[in-house]
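Protein chains in written order, with my numbering: chain A, 2 to 508; chain B, 11 to 359.
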């Protein structure tokens, strides 16, 4: 059978990273082909290339036997490849039918839309998915699940031969997932080829005919679902040597300084966790598992809705970052440029931002204190800059991250939460940030490191906590934390083996 | 005054060049070049050069320009707006702005005059009443923006209409006349030959410029304007900072309105229409940005001085005042365009 889409030796590089390296992928008609891998494995890049968003640097793309270069998503659509991205591209203030027939409404001779025909066709198109909703109603009245199906219906209506779905169930519930799966199976039986990008292995195994596993931008293998199991796929996803050096662990004084009890808020629920001074706690999970949300809740950015935060034995209420700071907390956010830095301000201003009080007298800021702080930061953290007056927008990613660290270290935090502290920084700066975190722990601070990079979590942490879908699913001591155990918990494929290795508190 | 204030502006970028004890990571080569470049990059310096240039050209073409009386006349002309510029600069730096200043000026002046003329309060209490009203208007703007999260454009547009409506409705459109002479002195008197409004403006601009550069409380405005999210995450009480900036804007608008009323010896409900746009233009010409995080009080005042000079030039050359808008509009667009172009060059360099 001729493949619908055949990608041969696709290579794609972004500044600083090789996202895909000679990856092969083929999709047959009437097949659901799942694409799995860790964060950063390259599945999203491959998907974007097949959808026409990115162009491959090298390699060949063959669609129904003809070599093509996809110029843009529109071109891909003309060739019958439709993609439903995670961020839905819908106009929710318009009605359901207009969303199904965006830009392809049936018209009469004078160019006027034939509404009745459009509504009828919409009803029919949605019936395939077992969905009976009013095509005249504005789409915003319906749930995200319905909207997701509407977007898929739009792809079908365009007579897509290839349907690419990016984490289609990330925003919808269990019942709707069932419905969606039923519809996808029906499409498959009609000969449509479906690429299903997901990190939920349960779904992948329930749905896919074949699974392709990517890791570090390379294809590990493609296996028929019937001939494998979840553990084997997880092994394919994570199996890798630890090729990085991490600073040695030598714990400082141990004491529980931060206790979280049954904490719930937007994106996480019922999380209980102890954080110990002198230790690095790694908080692992997939993107969207609720780690960042939990940290932001503890730091008071989006305050938690229920539960207790206990700092050094005393229950505290934290509803704003400045209250958290008073309790000795510091939070280095995931989105450095958006949440962390004042890009158009000087290095000195940035470093001073969190401790203006200590740097000023009754009314005035004291220039010598500001200057000393900034110079000290440059020296201690080895920030490469043109001086304390340089705008941080001109620094490299690693040096920007160091500026952010300097800002918080100036406060001598007792509890430091670093969210993806090494994302987008080069290898050298990464190692420096690792030793910095370790040094802080050795000096008696409690360090929480949120990371999606498994080797980093395993290399750095004294203890590993794993979150999945808003819940804390397991904590491991560093001896028990192996790649397989941790990844299995994060992906939700818990086996008896892994459960016995760690302390599983699956709620 | 102006030069002294802008001298302090050099302080920050020049630090890397002037201090001999630089740590190893810094690049000592080309320090002099770096320093001169950073001085030129300071908006105030460019503005002062531009103003001097304008003065030079004016003095060649008009014999009346280079006289103390003309300078005092110009300064008296912008001294009231100079106060409003202070409040607006604070807001723009924090990433907000206030369209209601012109209306608040008119309303506060009227209320002050009314308290003195109709209620018979002594001038001091009349002035306090007007200031309280202006601050209250600013506080309402601040609350609507920070608590309800209404866009400042809409919030202050509403206040602009409400304050103007109050001023007109309260007086049925007629000026409030007959203020006491002791009150009129505030706008008409002078000390050592310098009109009082000019002295008040110099005092307030000087104080607020120093506080903006040096004080902890007002430096926070730059952080808030630079990145509201990052400021919040750094423990800065963003809502309070923005709220207080709105109150300050209302307060300074009221002060300007009251002094104007004293100078004219009457509260005029139709006065100060579209002052807000002139003020915002002055701030932006002087280096502030609608995106926030940039600008200084001194720069904003220099922008206002420049605009006043241009108006004066038109008058001296006998050009109808109706053409003024064309000139200020051109200057505004030109100033910001040049800024954008130089920035793009800087980034690609």
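Using N, Cα and C, we set each Cβ at its ideal position, and we do this for glycine too.
Please read all numbers here as calculations on a predicted model, not as lab measurements.
C-beta atoms of residue i and residue j nearer than 7 Å
| i | j | result |
| --- | --- | --- |
| residue 218 of chain B | residue 101 of chain B | no |
| residue 313 of chain B | residue 296 of chain B | yes |
| residue 285 of chain B | residue 112 of chain B | yes |
| residue 173 of chain A | residue 146 of chain A | yes |
| residue 103 of chain B | residue 305 of chain B | yes |
| residue 435 of chain A | residue 247 of chain A | yes |
| residue 366 of chain A | residue 374 of chain A | no |
| residue 408 of chain A | residue 354 of chain A | yes |
| residue 133 of chain B | residue 190 of chain B | yes |
| residue 342 of chain A | residue 240 of chain B | yes |
| residue 122 of chain B | residue 136 of chain B | yes |
| residue 281 of chain A | residue 463 of chain A | yes |
| residue 309 of chain A | residue 236 of chain A | no |
Beta-carbon separation (whole angstroms), residue i vs residue j, contact threshold 8 Å
| i | j | result |
| --- | --- | --- |
| residue 84 of chain B | residue 281 of chain B | Going by Cβ atoms, the distance from residue 84 of chain B to residue 281 of chain B rounds to 20 Å, so no, they are not a contact pair. |
| residue 310 of chain B | residue 66 of chain B | So it is not a contact: roughly 23 Å between Cβ atoms. |
| residue 291 of chain B | residue 340 of chain B | The Cβ separation is near 11 Å, so there is no contact. |
| residue 188 of chain B | residue 346 of chain A | Their Cβ separation, rounded to whole angstroms, is 52 Å, which puts residue 188 of chain B and residue 346 of chain A out of contact at 8 Å. |
| residue 76 of chain B | residue 69 of chain B | 4 Å |
| residue 398 of chain A | residue 429 of chain A | About 12 Å; that fails the 8 Å criterion. |
| residue 412 of chain A | residue 331 of chain A | 6 Å |
| residue 195 of chain A | residue 188 of chain A | 7 Å |
Spatial distance of residue i from residue j (CA atoms)
| i | j | result |
| --- | --- | --- |
| residue 88 of chain A | residue 171 of chain A | 10 Å |
| residue 466 of chain A | residue 432 of chain A | 22 Å |
| residue 35 of chain B | residue 454 of chain A | Confidence at residue 35 of chain B is low in this model, with a pLDDT of 40, below 50, so its placement is unreliable and the value that follows should be read with caution. Distance between the alpha carbons of residue 35 of chain B and residue 454 of chain A: 31 Å. |
| residue 163 of chain A | residue 468 of chain A | 34 Å |
| residue 181 of chain B | residue 267 of chain B | 16 Å |
| residue 259 of chain A | residue 278 of chain A | 9 Å |
| residue 130 of chain B | residue 272 of chain B | 16 Å |
| residue 176 of chain B | residue 248 of chain B | 31 Å |
| residue 377 of chain A | residue 313 of chain A | 30 Å |
Local Cβ density within 10 Å of residue i, reported as buried at 16 or more and exposed below that
| i | result |
| --- | --- |
| residue 35 of chain A | buried |
| residue 59 of chain A | exposed |
| residue 195 of chain B | exposed |
| residue 518 of chain A | One cannot answer for residue 518 of chain A here, as it falls past the ends of chain A, which runs 2 to 508. |
| residue 63 of chain B | exposed |
| residue 392 of chain A | buried |
| residue 124 of chain B | buried |
| residue 43 of chain A | buried |
| residue 226 of chain B | buried |
| residue 327 of chain B | exposed |
| residue 364 of chain A | exposed |
| residue 46 of chain A | buried |
Cutoff 7 Å: residue i Cβ touching any chain A Cβ
| i | result |
| --- | --- |
| residue 348 of chain B | no |
| residue 240 of chain B | yes |
| residue 22 of chain B | At residue 22 of chain B, the pLDDT of 39 sits below 50, so the modelled position is not reliable; the number obtained from the coordinates is stated separately. Yes, residue 22 of chain B counts as interfacial toward chain A. |
| residue 105 of chain B | no |
| residue 354 of chain B | no |
| residue 351 of chain B | no |
| residue 284 of chain B | no |
| residue 226 of chain B | yes |
| residue 237 of chain B | yes |
| residue 233 of chain B | yes |
| residue 245 of chain B | yes |
| residue 303 of chain B | yes |
Cutoff 7 Å: residue i Cβ touching any chain B Cβ
| i | result |
| --- | --- |
| residue 1 of chain A | Residue 1 of chain A lies beyond the residue range present for chain A, which begins at 2 and ends at 508; the question has no answer from this structure. |
| residue 341 of chain A | yes |
| residue 369 of chain A | no |
| residue 414 of chain A | no |
| residue 422 of chain A | no |
| residue 365 of chain A | yes |
| residue 464 of chain A | no |
| residue 345 of chain A | yes |
| residue 357 of chain A | yes |
| residue 397 of chain A | no |
| residue 323 of chain A | yes |
| residue 326 of chain A | yes |
| residue 361 of chain A | yes |
Which of the residues in the segment 448 to 477 of chain A, read from start to end, lie with their CB under 8 Å from any CB of chain D? Reference to chain D is not applicable here, since the protein chains of this structure are A and B.
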